[in-house]
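Since the structure comes first, as structure tokens, the remarks are kept for the end.
Numbering (the working numbering), first residue to last: 1 to 352.
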């Protein structure tokens, strides 16, 4: 990076809109909240009025008797603002995306799955409390007991990172590279990137398998919304790995740098908020160096940022999280790396 031309990003904890919806949110319960708030305020409930005063952008006008009764529109706006959205239409838009892309791996009963789906579920990181080496060992035992498992569907072949099996699946139907399926309704590339089953695959085999999918049309920015959260778990997130449960239970991919580089070269966007979060807990900065080398500091909007809009955290919020963790845990090298790329904290205190 040309330091002389870098863009300085002064980071504070801003008050920008960002989703604070609960996990697995849906429109029905929020509509119930709107109706309840409307009834409470219409009946003069003090708590309801207090809620409006905290969250409505113009509470005095909304609650003024001379303006007429408190409206459903005002109730919708209040509820939307309470969850970090600018208006009700933005909530509805986001929850439509959630309905299409949300997956909660903890809700999948692994024991009830057919063999190829069970192999996939056991092989990959689901970012649940079940993530642990014994699951992946069980997947390896399944593969050893039934070598034809990878022939049963493309998602199992991807979870196994088996280039020969993938080639056979794609030979007749290249569109399989873009079709969701398996236990988590992911595209094949996601199973490959999140898989941690140990089958003795070489670096060249894994990269060949991923390349076959990308050549067949797989989206390098593929991802899903974990439990409906607004920071997508992408293929790149899966390649980098790690997370809150630590590197033993949620390890990075064994060929993380090479797989991530392949995805980036095929067009994966370097601003991957969930990947940055998952990898921030330990002092290793190799992921940041790789991403900075592909434009992390000043890349334009990602496909996910464009799609999710105000629901996804802003870049400033993203960097605030990174800087705060690094500062609180003494990661001076990370702070220096961020500063070299123009990411610095300001002296301004965070707003309440």
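Ideal Cβ positions, reconstructed from N, Cα and C, are used throughout, including at glycine.
How is residue i classed by DSSP in three states: helix, strand or coil?
i	result
residue 223	strand
residue 97	helix
residue 155	helix
residue 322	helix
residue 186	strand
residue 180	coil
residue 103	strand
residue 108	coil
residue 344	strand
residue 234	strand
residue 123	helix
residue 90	helix
residue 82	helix
residue 334	helix
residue 204	helix
In whole angstroms, what separates the C-alpha of residue i from that of residue j?
i	j	result
residue 120	residue 84	35 Å
residue 82	residue 101	23 Å
residue 7	residue 341	Below a pLDDT of 50, predicted positions are generally treated as unreliable, and residue 7, at 40, falls in that range; no measurement from the model is reported.
residue 34	residue 20	16 Å
residue 246	residue 275	14 Å
residue 338	residue 344	7 Å
residue 26	residue 202	42 Å
residue 86	residue 115	45 Å
residue 50	residue 23	25 Å
residue 108	residue 214	27 Å
residue 190	residue 235	5 Å
residue 249	residue 322	22 Å
Report back the beta-carbon spacing between residue i and residue j to the nearest angstrom; my notes put them in contact at under 8 Å.
i	j	result
residue 52	residue 61	Between residue 61 and residue 52 the Cβ distance is about 11 Å, and since that is not below 8 Å, they are no contact.
residue 237	residue 284	16 Å between Cβ atoms; not a contact.
residue 307	residue 97	7 Å
residue 54	residue 136	Between residue 136 and residue 54 the Cβ distance is about 46 Å, and since that is not below 8 Å, they are no contact.
Below 6 Å CB to CB, which residues in the same chain sit around residue i once its five sequence neighbours on both sides are set aside?
i	result
residue 278	242 and 243
residue 239	193, 253, 256, 259 and 260
residue 311	19, 94 and 230
residue 318	273
Note down, in chain order, each residue of its chain lying with its Cβ closer than 7 Å to the Cβ of residue i, except the 5 sequence neighbours on either side.
i	result
residue 270	264, 291, 294, 295, 296 and 299
residue 56	62, 74, 77, 78 and 81
residue 70	38, 41, 42, 62 and 63
residue 150	156, 157, 160, 162 and 165
residue 301	none
residue 48	37, 40 and 41
residue 92	27
residue 113	121 and 183
Among the residues of its own chain, which have a CB less than 8 Å from the CB of residue i, if the five just before and after it don't count?
i	result
residue 207	255, 258, 259 and 262
residue 289	337
Cβ contact (3+ pairs, closer than 8 Å) linking the region 108-124 and the region 154-162: yes
Stretch pair the region 102-111 + the region 221-229: three plus CB contacts closer than 8 Å: Contact check between the region 102-111 and the region 221-229: three or more CB pairs, one atom from each, fall below 8 Å, which counts as touching.
The region 162-178 contacting the region 210-220, beta-carbon criterion three pairs below 8 Å: Judged by Cβ distances under 8 Å, the region 162-178 makes contact with the region 210-220, as three or more pairs qualify.
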